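Line by line, the protein sequences are chains A, B and C.
Letter 236 of the first sequence, counting from 1, is numbered 236 in our numbering, and no numbers are missing.
Letter 53 of the second sequence, counting from 1, is numbered 53 in our numbering, and no numbers are missing.
Letter 25 of the third sequence, counting from 1, is numbered 25 in our numbering, and no numbers are missing.
Here a beta-carbon is modelled for each residue, glycine too, at the ideal position from N, C-alpha and C.
Just so it is clear, the structure is predicted and the values come from calculations on it, not from any experiment.
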Amino acid sequence: MIEIEGLVKTFGYFPVLRGVDLHVERGQFLAFLGPNGSGKTTMLRILQGLAKPTAGRVMIGGWEIPRETFAIRQQLGVVSHLPLLYDALTAEENLLFFARLYDLPASERGNRVHSILQQVGLEKRAKDVVQTFSRGMVQRLAIARALLHDPAILLLDEPYTGLDVDAAALLDHLLTEVAGVKDGIRTVIMTTHDLGRAYQHATHIGILSRGKIGYYGPTSAMTADELPRIYAETVGMVTTA
Amino acid sequence: MQYSESRTRTLQWLTYASIGLFIISFLMIFFYVGPEQTQGEVQRIFYTHLGAFFGSFLLFIAAFIAGIQYLRTRQEKWDDLGLSAIEIGLGFSLINIVTGSIWARPIWNTWWTWDPRLTTVSIMWLAYAAYMMLRSGIEDPNRRRRFAAVYSILAFSSVFLTIIIIRIRPDTIHPVAAGPTSTSEGIEGDFAMSTRITETLLFTIFTYVVISITVLWHRIRLENRAKQIQSRKMKLLLNA
Amino acid sequence: MSATTTTSETTTPAAKPRRLRTPYFQVVASLAWKDLRAEARGRELVNAMLLFSVMAVLIFSFALELDRQAQEATVGGVLWVTIAFAGTLGLGRSLAAEKDKGSLDALLLAPVERSALFYGKMIGNFLFTLAVGFLLVFLLTVLFNVNLFRPVLWLIIVLGCLGFATTGTLVSSMSVHARAREMLLPILLLPVILPIIISATRASTALLTELKTEDWLPWLQLLGMVDFVFLLAGFFLFDFIVEE
Numbered sequence: 001m002i003e004i005e006g007l008v009k010t011f012g013y014f015p016v017l018r019g020v021d022l023h024v025e026r027g028q029f030l031a032f033l034g035p036n037g038s039g040k041t042t043m044l045r046i047l048q049g050l051a052k053p054t055a056g057r058v059m060i061g062g063w064e065i066p067r068e069t070f071a072i073r074q075q076l077g078v079v080s081h082l083p084l085l086y087d088a089l090t091a092e093e094n095l096l097f098f099a100r101l102y103d104l105p106a107s108e109r110g111n112r113v114h115s116i117l118q119q120v121g122l123e124k125r126a127k128d129v130v131q132t133f134s135r136g137m138v139q140r141l142a143i144a145r146a147l148l149h150d151p152a153i154l155l156l157d158e159p160y161t162g163l164d165v166d167a168a169a170l171l172d173h174l175l176t177e178v179a180g181v182k183d184g185i186r187t188v189i190m191t192t193h194d195l196g197r198a199y200q201h202a203t204h205i206g207i208l209s210r211g212k213i214g215y216y217g218p219t220s221a222m223t224a225d226e227l228p229r230i231y232a233e234t235v236g237m238v239t240t241a
Numbered sequence: 001m002q003y004s005e006s007r008t009r010t011l012q013w014l015t016y017a018s019i020g021l022f023i024i025s026f027l028m029i030f031f032y033v034g035p036e037q038t039q040g041e042v043q044r045i046f047y048t049h050l051g052a053f054f055g056s057f058l059l060f061i062a063a064f065i066a067g068i069q070y071l072r073t074r075q076e077k078w079d080d081l082g083l084s085a086i087e088i089g090l091g092f093s094l095i096n097i098v099t100g101s102i103w104a105r106p107i108w109n110t111w112w113t114w115d116p117r118l119t120t121v122s123i124m125w126l127a128y129a130a131y132m133m134l135r136s137g138i139e140d141p142n143r144r145r146r147f148a149a150v151y152s153i154l155a156f157s158s159v160f161l162t163i164i165i166i167r168i169r170p171d172t173i174h175p176v177a178a179g180p181t182s183t184s185e186g187i188e189g190d191f192a193m194s195t196r197i198t199e200t201l202l203f204t205i206f207t208y209v210v211i212s213i214t215v216l217w218h219r220i221r222l223e224n225r226a227k228q229i230q231s232r233k234m235k236l237l238l239n240a
Numbered sequence: 001m002s003a004t005t006t007t008s009e010t011t012t013p014a015a016k017p018r019r020l021r022t023p024y025f026q027v028v029a030s031l032a033w034k035d036l037r038a039e040a041r042g043r044e045l046v047n048a049m050l051l052f053s054v055m056a057v058l059i060f061s062f063a064l065e066l067d068r069q070a071q072e073a074t075v076g077g078v079l080w081v082t083i084a085f086a087g088t089l090g091l092g093r094s095l096a097a098e099k100d101k102g103s104l105d106a107l108l109l110a111p112v113e114r115s116a117l118f119y120g121k122m123i124g125n126f127l128f129t130l131a132v133g134f135l136l137v138f139l140l141t142v143l144f145n146v147n148l149f150r151p152v153l154w155l156i157i158v159l160g161c162l163g164f165a166t167t168g169t170l171v172s173s174m175s176v177h178a179r180a181r182e183m184l185l186p187i188l189l190l191p192v193i194l195p196i197i198i199s200a201t202r203a204s205t206a207l208l209t210e211l212k213t214e215d216w217l218p219w220l221q222l223l224g225m226v227d228f229v230f231l232l233a234g235f236f237l238f239d240f241i242v243e244e
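Rendered as structure tokens:
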């Protein structure tokens, strides 16, 4: 589903990504770990088509970035730590706006928005402006927005940042139930600092360290207790190399 | 970066030529050409004034083209050209404004007047000064180059305005340097040119064009050198 | 790649986008609708711009205590300086709001043409600036005792605001990425919009001082031409501004 070969991205003379190779199968849930500045966010931005790779090849669903971005964008849903929503619009208006941008058929828009609001449990707040929402509710709406056009790939950029315990638990629930992640319908890449949640959700773990993939393997090959050790070793190992 | 032998020699040759031409034009301005009929000795500054204008005009056109080329090709050299051209263009343009002001004191009896030409030239200068501010305000180098290219294209509208304002604003008191204006009535300061004046003028303009190109070339080499140092520093840091 | 085309696997097929890219006009219209809807609810932007322009005009009318003839010659300048400053105020917020909530990224993630996003944003900014322009027509008529209710003047205002919003949207979409963007926006914008401000001011003044048609028509033509050039520049240049 996602194939990355020799991906390099430099900012000026500073290389953020120094030759990343990655292969994500359809239906995989890849948790992408790494310390700050390891290039996680840059990598997601390249996958989103918001940043251009300096060198290397990135294929998503058979389409190449950055040439065939239109086809790719329809297949991408993004949840970030920023809400990507408009404060002054209601939940419903926000979703209707994005439904139009994604060119959902006019006859279906209303139903689709309604049903997705129901799925994330916001149907009672549909007519309220986003300004009045709590952080957790905003994040729920952000997930609704990301799933609106039923994307094949879901990119989650540190979705837990700024959520309290309840909201985070709800996000767990949404990821497993609503996003259809466990059924293998969607391919998911999530960046996070939360090793526990990474292990809980992911089928595979990738660790990025100083611009390269330091570790890659399925979660089935490790126990939850082993992950912190693997993480520390990977991040530490590359630093001393 | 290694430069080819022949290019370096061309640059050297150009540098000597610039110095030579400058001396000759200097001598021409002060000894070859006589004082102008109505304006007297002060008119001699006019040659430098116009020469510097042509220099800056040429450099801003270069920056405009470099901006378009950078957006098309994404080659850093075009950004270097744009930056260098605007930096030097700002200098020439300043010479142009200052000499104009010195000329205006005895002729118009004021250092500065809000004549349309003067206004648009100073706005042009400000637009390119804003270009420098934009560059320093953006941290990501790729974005900086891209925005700079876009802005150098937009800023060119002020150069364009400076050129055409004299044609569409008949109330300017600034002499028309080349070509007829929209009004045919005699404009103040419109000096009939003798052959010697024309010769000196053309020669000075030529001199300033050569100087612009030479300084531009040197400035680009300086930029390359700075980048070389920067990349070596980065390599050292990464290997440390 | 058949596995990811729109027809294969999905729980709700109707939710899939129909076409490879969203129709151009649909993007422009929905973006403009979004800005107007948000503004109609909060009215933050327009209120601030209108309040600012009222204050600016009051200051002008105190500072320039002029006789009637001088007022006719000055009112065009007051009009356009106020529009430019109030407009800059609005522009700064309009794009900063998009960037800080990440919604600019959300727009860029959609399968839409970049230039459609540009024209969508521009329409919002244009209408807000136009609101200031028309408020000023009333205000200046009362305070400066010069009749501004003339169809040609309205045309000048529409064209002037259009050019201002086009250039302003372009420049402010760059300045939002800069450090000290509030400071940088007017510095970057004013030299570039000068052709618009000059031609609009000259056309207005010539019209208000009852000059002949051939005195203001060239300015109006120049204004239209500059508008056209900047509208075209936006089409080509916005892509380069938003890509990374």
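- Per the coordinates, the alpha-carbon of S152 (chain B) lies some 20 Å from the alpha-carbon of N224 (chain B).
- Between T213 (chain C) and chain A, the shortest Cβ-Cβ separation is not below 9 Å.
- For I2 (chain A), the enclosing beta strand (DSSP E) stretches over residues I2 to F11.
- Think of a sphere of 7 Å around the beta carbon of L161 (chain B): the chain C residues whose beta carbon falls inside it are L194 and P195, in chain order.
- If you check the CB distance, V142 (chain C) and L50 (chain C) do not come in under 9 Å.
- For the options A:Y13, A:V79 and A:D21, the alpha carbon positioned closest to that of R45 (chain A) is the one of A:V79.
- Proximity of chain C to V129 (chain A) at the Cβ level (cut-off 8 Å) is accounted for by R41, in chain order.
- The C-beta of T120 (chain B) has 16 or more other C-beta atoms within 10 Å across all chains shown, which makes the residue buried.
- At a cut-off of 9 Å between beta carbons, G49 (chain A) contacts chain C.
- Close to N224 (chain B), with beta-carbon spacing below 8 Å, lies no residue of chain A; the smallest spacing is near 14 Å.
- For W103 (chain B), the secondary structure class from DSSP, reduced to helix, strand or coil, is helix.
- In this structure, the straight-line span from the alpha carbon of I197 (chain C) to that of A148 (chain B) is close to 23 Å.
- Taken in chain order, the whole alpha helix (DSSP H) runs of length 4 or more contained in the segment 82-138 of chain A are 91-101 and 106-119.
- According to DSSP, residue pairing for D157 (chain A) in a beta bridge involves A:T191.
- In the DSSP annotation of this structure, K101 (chain C) is not part of any beta strand (DSSP E), being labelled neither H nor E.
- Following the DSSP letters along the chain, one finds E214 (chain C) inside the alpha helix (DSSP H) bounded by residues T213 to V242.
- Around the CB of L104 (chain C), 16 or more other CB atoms lie within 10 Å, so the residue is classed as buried.
- Around the C-beta of N145 (chain C), fewer than 16 other C-beta atoms lie within 10 Å, and the residue is accordingly described as exposed.
- Per DSSP, reduced to three states, the secondary structure at F60 (chain B) is helical.
- Of all C-beta pairs linking the segment 2-14 of chain A to the segment 54-63 of chain A, three or more are shorter than 8 Å, placing the two stretches in contact.
- Relative to F54 (chain B), the option among B:Y208, B:M124 and B:S122 whose CA is nearest is B:Y208.
- Proximity of chain A to A178 (chain C) at the Cβ level (cut-off 8 Å) is not reached, the minimal Cβ distance being about 16 Å.
- Judged by DSSP secondary structure, E64 (chain A) falls within the beta strand (DSSP E) whose first and last residues are W63 to I65.
- When C-alpha distances from R229 (chain A) are compared across A:G196, A:K212 and A:Y13, the shortest belongs to A:G196.
- Within the segment 73-130 of chain C, the complete alpha helix (DSSP H) runs of at least 4 residues fall at 103-109.
- The segment 70-86 of chain B makes no contact with the segment 107-123 of chain B, as fewer than three CB pairs between them are under 8 Å.
- For the options B:R105, B:M28 and B:K227, the alpha carbon positioned closest to that of Q39 (chain B) is the one of B:R105.
- Assigned with DSSP and collapsed to three states, V209 (chain B) falls in helix.
- The alpha carbon of G51 (chain B) has as its nearest neighbour, out of B:P35, B:I65, B:V42 and B:I97, the alpha carbon of B:I97.
- The beta carbon of A233 (chain C) falls within 9 Å of a beta carbon belonging to chain B, placing the residue at that interface.
- In summary, V165 (chain A) is exposed, with fewer than 16 beta-carbon neighbours lying within 10 Å of its beta-carbon over all protein chains present.
- Taking the C-beta atoms as reference points, I207 (chain A) is found nearer than 9 Å to L33 (chain A).
- Here H204 (chain A) carries a strand assignment [DSSP, helix/strand/coil].
- Within chain A, the C-beta atoms nearer than 9 Å to that of D140 (chain B) come from F11 and G12, in chain order.
- Taking CB atoms only, P15 (chain A) has a neighbour in chain B less than 9 Å away.
- Within its own chain, the residues whose Cβ lies closer than 8 Å to the Cβ of L185 (chain C), once the five positions on either side in sequence are excluded, are T88, L91, G92, V171, S172 and S175, listed in chain order.
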